[in-house]
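Chemist: Before we start, here is the structure in question, set down as structure tokens.
In the numbering used here, the protein residues as written are 278 to 488.
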């Protein structure tokens, strides 16, 4: 369980660095901004694209775990493969996490705008959209960083990008950790620690053969 999720976690980080979020509709919105796209619409598209990237990673990890588990002789053991249908879906959990990240990022933008003279202070939503684009867009979003510096000054832009980057890493880690814990829950319910899991699987395999 841990290896596939951690592998997808590393892959997501790599794709974030290359600006994979700024693609599809998000890229169209960015290219249309600000003439034919508002800051709010740009943020919406970025959030949707980020959620889609995380969901793809979680789905891929789930498939790898399921495929590996199906090869185990004890794969149909009660309690280890049953999934609670009442649990919230991964799509819902990830969507909630990404929207929370957006809200906190908007608060950070408001804090930074609040440091400026009100007569020249930019719109906080515009600042939030620019920093989100800079964080998620890779090389395609170079203009976003420049626009941020024009509105906040070099120090303000750097400060906001650093805070936003730490926040993104925190929420990314939290979202994928939640999914990893979800897949470990059946083993945890049996009070099985990582060390004896191999012995448990072997014992269950013997039990299945005896049946």
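Using N, Cα and C, we set each Cβ at its ideal position, and we do this for glycine too.
Taking DSSP as the reference, what is the three-state secondary structure of residue 455?
Modeler: In the structure shown, residue 455 sits in a helix (DSSP, three-state: H, G or I).
Chemist: Would the beta-carbon of residue 402 fall within 8 Å of that of residue 296?
Modeler: Their beta carbons are not under 8 Å apart, which means residue 402 does not touch residue 296 by this criterion.
Chemist: Mapping the DSSP letters down to three states, classify residue 299 as helix, strand or coil.
Modeler: The answer is coil: DSSP assigns residue 299 none of H, G, I, E or B.
Chemist: Distance, Cα to Cα, residue 440 vs residue 340?
Modeler: If I take the Cα positions, the gap works out to 34 Å.
Chemist: Counting Cβ pairs closer than 8 Å, one from the stretch 369-380 and one from the stretch 441-454, do we hit at least three?
Modeler: Short answer: they touch.
Chemist: Classify residue 454 as buried or exposed, calling it buried when 16 or more other Cβ atoms lie within 10 Å of its own Cβ.
Modeler: Exposed.
Chemist: Under a three-way DSSP split, which group does residue 392 fall into?
Modeler: Correct three-state label for residue 392: coil.
Chemist: Under 8 Å between the Cβ atoms of residue 425 and residue 404?
Modeler: Closer than 8 Å, so yes.
Chemist: Of the choices 385, 397, 327 and 423, whose alpha-carbon is the least far from that of residue 294?
Modeler: Measuring from the Cα of residue 294, the nearest candidate turns out to be 327.
Chemist: Under a Cβ-count criterion, where at least 16 other Cβ atoms within 10 Å of its own Cβ denotes burial, should residue 364 be classed as buried or exposed?
Modeler: Residue confidence is low: residue 364 scores 46 on pLDDT, short of 50, so the model does not pin down where it sits. No coordinate-derived value is stated.
Chemist: Identify, in the order they occur along the chain, each residue of the same chain with its Cβ nearer than 8 Å to the Cβ of residue 438, setting aside the five sequence neighbours on each side.
Modeler: Counting only Cβ-Cβ distances below 8 Å, and skipping sequence neighbours, we find 408, 411, 412, 422 and 425.
Chemist: Would you give the residue range spanned by the alpha helix (DSSP H) that residue 401 belongs to?
Modeler: Here the alpha helix (DSSP H) through residue 401 covers 401-413.
Chemist: Alpha carbon to alpha carbon, how far is residue 299 from residue 417? Give it in angstroms, no decimals.
Modeler: Distance between the alpha carbons of residue 417 and residue 299 is about 8 Å.
Chemist: Looking only at its chain, what residues have a beta carbon closer than 8 Å to the beta carbon of residue 451, apart from the 5 residues adjacent to it on each side?
Modeler: Correct list, in chain order: 374.
Chemist: At the level of alpha carbons, what is the spacing between residue 389 and residue 368?
Modeler: Each residue's Cα considered, the two are about 32 Å apart.
Chemist: Are there 16 or more other CB atoms within 10 angstroms of the CB of residue 419, so buried, or fewer, so exposed?
Modeler: It is exposed - the Cβ of residue 419 has fewer than 16 other Cβ atoms within 10 Å.
Chemist: Of the choices 385, 392, 370 and 427, whose alpha-carbon is the least far from that of residue 331?
Modeler: Per the Cα distances, 370.
Chemist: Rank 384, 397, 315 and 449 by C-alpha distance to the C-alpha of residue 430 and give the top, closest one.
Modeler: The shortest C-alpha separation from residue 430 is found at 397.
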